[in-house]
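Okay, so here's the structure we're looking at.
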Amino acid sequence: MRTLALASLGMLAGCVVGQIEEAPPENDPGNNDLGESDGITPDLAPISGCSEVTEVVLYSEGVYDLQLPNAFAANADPCTRYWVTLPALDSDKTQPRPGAANVHALGANFHAMAEFNWGAWSASLGQSPTASEWESAGQQFRSRMAAAGYDVSGGDTWAINEFPNATHSGDNGVWTNEAAAVKGLYEGDGTQSTRGTVYISGIGQTLADFSVYKPNAENWLRADAFWTAMMDHVQWFSLEVYADPHDDCVRGDSVSNDADHVSAYVEHLPRLAKQGGSQTASAARYLSHHYLPLLNAAWNSNVGFGDNLVDLDNFVRFSRLQVYAAHYWASSHGYPGRRIGFAWAPKNATQAQTDSLADVIAKSVTRAYPANKFYNYGKYACSTDGSLDGCGCQVDGASYNSGWDAFSSW
């Protein structure tokens, strides 16, 4: 349960800021680490001296000179692994982009992920490809990764960008094809298996009518064969649901309420899976340990990532708010644990502006997820002293979409 320290309530340009204290779940022994090991991730080795490992996934639609990964390298935590997606080649999106060595140069905990572009491979396979063709495509891509310099034995892997909208409904046998593709990507030529990441086309936070989307989500979460395939072959699973400052940065409301609305949207799929009982047990178990929230780092963009046409100061505060929301949700629900990711796609910005934003995001995560500590550190996502002021974004005309609360029950 949330506890508001009323003595510390204040006002920041019309936004109420309340200090929120986190507490471990009742069944936690009271230590500072999250302790969420599930026994189903044997291919990720521990890091020496780390009781728990934070996993940070960094996606970008372009290379951006590794701007966000560079910021994390400058603020790296020794108990954090960083997974950097390198976008497919523009000239042929079925080909992995060389450059894994540039990621490795950022530090021993940095690993490259080659983008398997679902749309490009779908086009190359022709009309109505079979599951066996998708599995073969995955195996072929692994060979191309090796030729492009990716070192799977050293921790590099693949990332699918992106499972299509049909995934939500299961139309046209898409679940079977997706299961086959991740199997091929996992196995490669059979000499070195590796779990990768899946990004999935999502739906915007402004959705008003849930009469189709929620039943589709419930049906998807009951698809045991799909979730078993993800369990066997996919390490990180990210639904591309990008929080929108126009839905979360409500003028005059509290940081805690802003964070609640961020989480209700970003965490809605694993939240719903928890409510399905035995019929969604496979999905719930998988998502509890492998769902990774992919947060919005697309300032000044209003295409594909929500409406981020707000001033930089508010987007900086919004960026910290998202980190805080992910951390607090994990502290009170157990998932997404120490997993967090960002979609980096700023538009029409100067180098100085994007460098500053990247630095803000990296420092926020490093403060909130320090080595071997977790509870009561979420507040440091907002500021160095734990004040929530730094998460107090406010956007004129912003209003909460409470429709996502429907996913708190089946």
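For the sequence shown, the residue numbers in this note's numbering are 1035 to 1444.
C-beta: ideal position from N, C-alpha, C; glycine also.
Over the uninterrupted beta strand (DSSP E) stretch that includes Trp1117, give me the two end residues.
If you look at Trp1117, you'll find it in the beta strand (DSSP E) that goes 1114–1120.
Between Phe1352, Thr1228, Gly1420, which lies nearest to Gly1412 when the distance is taken from Cα to Cα?
Of the candidates Phe1352, Thr1228, Gly1420, Gly1420 places its Cα closest to the Cα of Gly1412.
Taking C-beta to C-beta, are Lys1308 and Ala1318 nearer than 9 Å?
Yes, the Cβ-Cβ distance between Lys1308 and Ala1318 is below 9 Å.
Do Tyr1358 and Leu1422 count as a contact pair if the criterion is CB distance below 9 Å?
Cβ distance < 9 Å, so Leu1422 and Tyr1358 count as in contact.
Enumerate in chain order the residues of its own chain whose CB-to-CB distance from Ser1203 is below 6 Å, with the five nearest sequence positions on each side excluded.
The beta carbon of Ser1203 is closer than 6 Å to those of Asn1250 in its chain, skipping five residues each way along the sequence.
For Tyr1093, the nearest candidate out of Pro1130, Glu1149, Asn1143 (CA to CA)
The residue among Pro1130, Glu1149, Asn1143 with its C-alpha nearest the C-alpha of Tyr1093 is Glu1149.
Hey, Gly1375 and Val1090: beta-carbon distance below 9 Å or not?
Contact flag set, yes.
With distance defined between alpha-carbon atoms, name the residue in Val1300, Gln1174, Arg1351 nearest to Asn1435.
Answer by Cα proximity: Val1300.
Can you tell me which residues form a DSSP beta bridge with Leu1328?
The partner list for Leu1328 (beta bridge, DSSP) reads Gly1375.
Alpha carbon of Val1232 to alpha carbon of Asn1104, nearest angstrom:
Whole-angstrom Cα-Cα distance: 23 Å.
Going by the beta-carbon positions, is the gap between Thr1400 and Thr1119 smaller than 9 Å?
In this structure, the beta-carbon distance from Thr1400 to Thr1119 does not fall below 9 Å.
At the level of alpha carbons, what is the spacing between Pro1198 and Trp1378?
Here the alpha carbon of Pro1198 sits roughly 20 Å from the alpha carbon of Trp1378.
Residue interval of the alpha helix (DSSP H) (run including Gln1174)
Where Gln1174 is concerned, the enclosing alpha helix (DSSP H) stretches over 1165–1181.
Among His1302, Ala1332, Gly1236, nearest to Ala1360 - alpha-carbon criterion:
In terms of CA proximity to Ala1360, His1302 leads the group His1302, Ala1332, Gly1236.
What are the residues that DSSP puts in a beta bridge with Ile1234?
Beta-bridge partners of Ile1234 (DSSP): Phe1197, Leu1273.
Selected residue, minimal CA-CA separation from Ala1259, among Val1296, Val1208, Glu1274, Gly1338
Residue nearest to Ala1259 within the set Val1296, Val1208, Glu1274, Gly1338 is Val1208 (criterion: CA-CA distance).
Going by DSSP in three states, Pro1244 sits in which element: helix, strand or coil?
Correcting the residue type first, residue 1244 is Phe in the shown sequence and not Pro. Secondary structure of Phe1244 (DSSP, three-state): coil.
Return the first residue and the last residue of the alpha helix (DSSP H) that Asn1348 is part of.
Segment 1346–1367, the alpha helix (DSSP H) holding Asn1348.
Could you name the residues of the same chain whose beta carbon sits closer than 6 Å to that of Pro1130, not counting the 5 residues immediately before and after it, in chain order?
Closer than 6 Å at the Cβ level, and outside the excluded window around Pro1130, lie Ala1148, Arg1178, Met1179, Ala1182.
Please return the same chain residues whose Cβ sits closer than 8 Å to the Cβ of Ile1234, not counting the five positions on each side in sequence.
Taken in chain order, the residues that qualify are Glu1196, Phe1197, Thr1201, Phe1271, Ser1272, Leu1273, Glu1274.
C-beta atoms of Gly1096 and Gln1239 nearer than 9 Å:
For Gly1096 and Gln1239, no; Cβs fall outside 9 Å.
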